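See below for the structure under consideration.
Number of protein chains: 2
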Amino acid sequence: MLIQTKFRNASLDHAADVNGILAFSQPSAVSLYNAGATIYGQGDPSGQLYMVEFGTVRLCRVSSDGRRQISAFYFAGEIFGLEADEQRHFYAESVDNTGIRVLRPSDGDKFNESMLKVALQSLTRAQEHLMVLGRQNGAEKVAAFLLDLAARQASDRLVDLPMQRCDIADYLGLSFETVSRILTKLKCSGAIRIPHVKQIELIDIEELEYLRG
Amino acid sequence: MLIQTKFRNASLDHAADVNGILAFSQPSAVSLYNAGATIYGQGDPSGQLYMVEFGTVRLCRVSSDGRRQISAFYFAGEIFGLEADEQRHFYAESVDNTGIRVLRPSDGDKFNESMLKVALQSLTRAQEHLMVLGRQNGAEKVAAFLLDLAARQASDRLVDLPMQRCDIADYLGLSFETVSRILTKLKCSGAIRIPHVKQIELIDIEELEYLRG
DNA sequence: CGAATTATTGAAACATGTCAAGGATCGTGG
DNA sequence: CCACGATCCTTGACATGTTTCAATAATTCG
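Quick mapping for you: the protein sequence lines, in order, are chains A and B.
Following our numbering, the residues of the first sequence are numbered contiguously, the last one being 351.
Following our numbering, the residues of the second sequence are numbered contiguously, the last one being 351.
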C-alpha cells in the first residue's frame with residue numbers, strides 16, 4: 139500500500155482554494171478570542187464561514203455523559219464553519235489567543251464553487267482522521283498527529299502545540315494520561331525532544347513516519 | 139447535550155439531493171457486481187460519481203501491515219465516489235450482489251451545486267462516525283451501527299446486515315470477535331433478536347438509543 | 001452431502017483507562 | 001521580582017475492555 143503515502147495531507151494543500159474563497163467574499167474585520175472562548179455553539183444557526191487569522195480553533199461535541207470528541211483543529215489560514223444544514227452540529231472554540239474573520243459571499247456562484255473545494259478538503263481530512271481513530275494504537279495516533287501538525291505548520295522539525303494534552307487526547311480518542319505517557323516514551327526512544335511543554339522537536343522523522351504507518 | 143439527538147442522521151435525509159444530482163446528470167446503464175468485486179481502486183483516477191441501484195458498497199483503505207478501515211457503507215439510492223482531487227483516496231468494493239450506475243454531469247453548474255450538498259452530507263456522516271470511533275466503547279459502537287442501519291433502511295425493527303462481521307468490525311474499529319460477542323450480549327440482554335446471521339431484529343430500541351448515547 | 005467460509009465462544013495477553021499523588025508551569029498580586 | 005494559588009502535566013499502580021490465539025459451531029456454496 140505504498141500508494142497511500144501519496145495522498146497523505148493532500149487535503150492540506152489548499153492555499154489555492156483559500157484564495158478562491160477570499161476572492162469571492164467580503165472579509166469582515168478580525169474578531170479576537172481569548173483561550174477557551176466560544177465562537178459558535180452547537181445548535182446555533184449556521185451559514186457563515188470563518189477563517190483563522192492567527193491562533194487555533196477546535197471543533198467539538200460533548201456526549202451526555204461528558205465525553206468530548208474534537209473532530210478537527212484549524213490553524214492560521216484555514217477555513218471552517220461549513221455545515222450540511224441550517225444548524226451547527228459541533229461547537230467551535232478558540233484554543234489560544236485567536237483572531238477570526240467572518241467570510242460573507244459576494245459572488246454567489248464562484249463562492250459556491252470554492253465552497254465545494256473546501257467541503258471536499260474537510261471531507262478528506264475527516265476521512266484521514268477516521269483511519270487514525272479506527273485502526274491505530276496510541277503511539278501511532280500521536281505520531282500521525284505530530285506529523286500532521288508539522289506539515290500544516292510548514293516547519294519540518296519544530297512543532298508548536300498550542301493545545302493542551304487534554305485537547306490532543308480528545309482529538310485522538312485517548313486519555314490525556316496516555317498522551318502524556320506516549321510523548322515521554324517517544325522522548326526516551328529519541329524520536330522527539332520536548333524543549334517546552336508546548337513545543338516538540340521531531341528528531342527521528344523516519345521513525346515517526348514508520349509508526350504512523 | 140440534548141441538542142445533539144436532533145442532528146443524528148441529519149445527513150441521511152438526502153433524497154432531495156439525490157434527485158438534484160439525477161436531474162442534472164446522464165445516468166448510464168446499471169453495472170452488476172458480485173460480492174467482493176472492486177468498483178474502483180485506490181489511486182485510480184477520480185471524476186465520476188456512482189449511485190447504488192441495489193446492494194451495498196464499502197469504502198476502504200488497508201494499511202501496510204494489513205489493517206483495514208472501512209470509512210463508509212453505501213446502500214440503495216445513495217451516492218458515492220466524490221474525491222478532493224484527481225485520484226481516489228479509498229477503494230470501493232461491492233459487499234453483496236450490487237447494481238451501480240455511473241452518473242455523468244450534463245448541466246455543469248447545477249450538477250456542481252448538487253455535488254456540494256452531497257459533499258456536505260458525506261462530511262456530516264464522516265464527522266458522526268468520528269464521534270463513534272473516538273469516544274465510544276464496543277457496545278455503544280454496535281448500537282449506533284444498528285440504529286444507523288435501521289434509519290437508512292427505513293425499517294424500524296428488522297435490520298438487514300448485508301455485510302459480514304468482519305466488515306462491521308473494520309467499520310467500527312473493533313475485532314470481528316468483539317463484534318460477535320457484543321451481538322450475543324445484546325441478544326442475551328433482550329435488546330435484539332438474531333433471527334438470521336444477516337438479520338437483526340431491534341427489540342428494545344430505547345435501550346439501544348440509550349447505549350448509543 | 002461435503003468442503004470452505006464465516007460465526008461463535010473461551011482463555012490468556014495486552015493496551016489503555018482510571019484513580020491517585022507529586023511536580024511543573026503559568027498568571028497574578030503583593 | 002518573588003511568592004502564591006491554580007491549572008496543567010507527569011508518573012505510578014491497579015482495573016477493565018479489547019485483542020489475540022485457538023477450538024468449535026454454524027452457514028454457504030458447489
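Don't be surprised by glycine CBs; every beta carbon is placed ideally from N, CA and C.
The structure displayed is predicted, hence computed values, not measured ones.
According to DSSP, A/Glu-231 sits in a beta bridge with which residue or residues?
Here residue 231 of chain A is taken as the residue at index 93 of the first sequence, counted from 1. A/Thr-176, A/Arg-196.
Between A/Glu-345 and chain B, is the shortest Cβ-Cβ distance under 8 angstroms, so that the two count as touching?
Residue mapping note: residue 345 of chain A aligns to position 207 of the first sequence, counting from 1. With 8 angstroms as the cut-off, A/Glu-345 does not count as an interface residue toward chain B.
Under 8 angstroms, do B/Phe-213 and B/Val-240 count as touching if we go by C-beta distance?
Start at 1 with the first residue of the second sequence, and residue 213 of chain B comes out as number 75. Start at 1 with the first residue of the second sequence, and residue 240 of chain B comes out as number 102. No, Cβ-Cβ distance for B/Phe-213 and B/Val-240 is not below 8 angstroms.
Report yes or no: do the region 276–294 of chain B and the region 231–240 of chain B share at least 3 C-beta pairs separated by less than 8 angstroms?
No contact exists between the region 276–294 of chain B and the region 231–240 of chain B.
As a quick exercise: from B/Ala-264, B/Thr-322, B/Glu-231, B/Gly-215, pick the residue whose alpha carbon is nearest that of B/Arg-290.
Position 152 of the second sequence, counted from the start, is the residue given in the question as residue 290 of chain B. It is B/Gly-215 whose Cα lies nearest to the Cα of B/Arg-290.
Tell me which residues share the same chain as A/Gly-352 and place their Cβ nearer than 8 angstroms to its Cβ, disregarding the 5 neighbours each side in the sequence.
What the structure shows of chain A is the stretch from 139 to 351, and residue 352 of chain A is not part of that stretch, so it cannot be assessed.
Tell me, please, which residues DSSP counts as bridged to B/Val-297.
On the second sequence, position 159 is the one that residue 297 of chain B refers to. Paired residues: B/Ile-338.
Quick check on DSSP: helix, strand or coil for A/Gln-142?
Counted from its first residue, the first sequence places residue 142 of chain A at position 4. Confidence at A/Gln-142 is low in this model, with a pLDDT of 39, below 50, so its placement is unreliable and no value can be given for it.
Under the rule that 16 or more other beta-carbon atoms within 10 Å means buried, what is A/Pro-333, buried or exposed?
As a first step, residue 333 of chain A must be located in the first sequence, where it is residue number 195. Exposed is the call here.
Under DSSP, the alpha helix (DSSP H) around A/Gln-207 begins and ends at which residues?
Here residue 207 of chain A refers to the residue found at position 69 when the first sequence is read from its first residue. Unbroken run through A/Gln-207 is the beta strand (DSSP E), 206–213; no alpha helix (DSSP H).
So is B/Gln-265 in contact with chain A if we call contact Cβ pairs under 8 angstroms?
Stepping through the second sequence from its first residue, residue 265 of chain B is reached at position 127. Interface residue, yes.
Tell me the DSSP secondary structure of B/Gln-186 in three-state form.
In the second sequence, the residue the question calls residue 186 of chain B occupies position 48. DSSP places B/Gln-186 in coil when its eight states are reduced to three.
Contact between the region 252–266 of chain A and the region 290–303 of chain A is defined here as three or more beta-carbon pairs at a separation below 8 angstroms; is this criterion met?
They do not touch, by the three-pair rule.
Between A/Arg-242 and chain B, is there a C-beta pair that is closer than 8 angstroms?
As a position in the first sequence, residue 242 of chain A is number 104, starting the count at 1. By this cut-off, A/Arg-242 is not an interface position.
Would you say B/Ala-257 lies against chain A (beta-carbon separation less than 8 angstroms)?
Sequence index remark: in the second sequence, residue 257 of chain B carries index 119 (1-based). Chain A, which has a Cβ nearer than 8 angstroms to the Cβ of B/Ala-257, makes this yes.
For A/Ala-288 and A/Tyr-188, I'd like the C-alpha separation in whole angstroms.
Locating residue 288 of chain A in the first sequence gives position 150, where the first residue counts as 1. Locating residue 188 of chain A in the first sequence gives position 50, where the first residue counts as 1. Distance between the alpha carbons of A/Ala-288 and A/Tyr-188: 23 angstroms.
Could you work out which residue in B/Arg-331, B/Tyr-348, B/Leu-349, B/Arg-350 is closest to B/Ile-341 when comparing CA atoms only?
As a first step, residue 341 of chain B is located in the second sequence; it is residue number 203 there, counting from the start. When only C-alpha atoms are compared, the closest one is B/Arg-331.
Can you find a CB in chain A that lies within less than 8 angstroms of the CB of B/Gly-276?
In the second sequence, the residue the question calls residue 276 of chain B occupies position 138. Output row for B/Gly-276: interface = no.
Between B/Ser-184 and B/Glu-221, how many whole angstroms is the CB-CB distance? I'm expecting something under 8 angstroms.
Here the question's residue 184 of chain B lines up with position 46 in the second sequence. Here the question's residue 221 of chain B lines up with position 83 in the second sequence. Confirmed, Cβ separation roughly 4 angstroms.
If the criterion is Cβ atoms closer than 8 angstroms, does the pair B/Arg-350 and A/Gln-207 meet it?
The residue given as residue 350 of chain B occupies position 212 in the second sequence. The residue given as residue 207 of chain A occupies position 69 in the first sequence. No.
Is A/Arg-242 buried or exposed, if buried means 16 or more other CB atoms sit within 10 Å of its CB?
Working through the first sequence from its first residue, we reach residue 242 of chain A at position 104. By the neighbour-count rule (16 or more Cβ atoms within 10 Å), A/Arg-242 is not buried but exposed.
Would you identify the three-state DSSP class for A/Arg-331, choosing helix, strand or coil?
The count along the first sequence starts at 1 and reaches residue 331 of chain A at position 193. If DSSP states are grouped into helix, strand and coil, A/Arg-331 belongs with the strands.
Excluding the 5 residues flanking B/Cys-326 on each side, which residues of the same chain have their C-beta closer than 6 angstroms to its C-beta?
Within the second sequence, numbered from 1, the residue matching residue 326 of chain B stands at position 188. Cβ neighbours of B/Cys-326 beyond the five flanking positions: none.
Just to confirm my understanding: we take B/Leu-346, look at its own chain, exclude 5 residues before and 5 after, and list those with CB closer than 7 angstroms. What are they?
Position 208 of the second sequence, counting from 1, holds the residue named residue 346 of chain B. Counting only Cβ-Cβ distances below 7 angstroms, and skipping sequence neighbours, we find Ala-281, Leu-284, Leu-285, Ala-329, Leu-340.
Where does B/Lys-199 land, buried or exposed, given buried means 16+ other C-beta within 10 angstroms?
To locate residue 199 of chain B, count along the second sequence from 1; it is residue 61. In the sequence as displayed, the identity of residue 199 of chain B is Arg instead of Lys. Buried.
Using a Cβ-Cβ cutoff of 8 angstroms, what residues of the region 185–202 of chain A are near chain B? List them in chain order.
Under the 8 angstroms Cβ criterion, the region 185–202 of chain A contributes Arg-199, Val-200, Ser-201, Ser-202.
Taking A/Thr-262 as the query, report the chain B residues whose CB atoms sit under 9 angstroms from its CB, ordered along the chain.
Here residue 262 of chain A refers to the residue found at position 124 of the first sequence. Within 9 angstroms Cβ-Cβ: Glu-221, Ala-222, Asp-223, His-227.
Using a threshold of 8 angstroms, state whether the C-beta atoms of B/Ala-167 and B/Glu-231 are closer than that.
Residue mapping note: residue 167 of chain B aligns to position 29 of the second sequence, counting from 1. Residue mapping note: residue 231 of chain B aligns to position 93 of the second sequence, counting from 1. For B/Ala-167 and B/Glu-231, no; Cβs fall outside 8 angstroms.
Taking the alpha-carbon positions, what's the B/Leu-321 to B/Ile-217 distance?
Here residue 321 of chain B refers to the residue found at position 183 when the second sequence is read from its first residue. Here residue 217 of chain B refers to the residue found at position 79 when the second sequence is read from its first residue. Looking at the two C-alpha atoms, the distance is approximately 29 angstroms.
What would DSSP say about A/Ala-167, mapped onto helix, strand or coil?
Residue 167 of chain A sits at position 29 when you count from the first residue of the first sequence. If DSSP states are grouped into helix, strand and coil, A/Ala-167 belongs with the strands.
If the cut is a Cβ gap below 7 angstroms, which residues of chain A does B/Ser-313 touch?
Counting from one through the second sequence, the residue named residue 313 of chain B turns up at place 175. Those do not exist, as B/Ser-313 stays about 11 angstroms from chain A at its closest Cβ, beyond 7 angstroms.
If we count the other Cβ atoms within 10 Å of its Cβ and call it buried at 16 or more, is A/Gln-265 buried or exposed?
For the purposes of this step, residue 265 of chain A is identified with residue 127 of the first sequence, where counting begins at 1. Per the 10 Å Cβ criterion, buried.
Could I get the ranges of all uninterrupted alpha helix (DSSP H) runs contained in the region 229–286 of chain A, with 4 residues as the minimum, in chain order?
With a minimum length of 4 residues, the continuous alpha helix (DSSP H) runs that stay inside the region 229–286 of chain A are 246–273.
Buried or exposed: B/Leu-197, going by 16 or more other Cβ atoms within 10 Å of its Cβ?
The residue given as residue 197 of chain B occupies position 59 in the second sequence. By the 10 Å Cβ count, B/Leu-197 comes out buried.
Report the residue from B/Asp-308, B/Asn-275, B/Gln-186, B/Ile-343 whose alpha carbon sits nearest the alpha carbon of B/Gly-204.
Here residue 204 of chain B is taken as the residue at index 66 of the second sequence, counted from 1. Taking only the C-alpha atoms, the option nearest B/Gly-204 is B/Asp-308.
Which of the three DSSP states, helix, strand or coil, is assigned to B/Glu-315?
Here residue 315 of chain B refers to the residue found at position 177 when the second sequence is read from its first residue. If DSSP states are grouped into helix, strand and coil, B/Glu-315 belongs with the helices.
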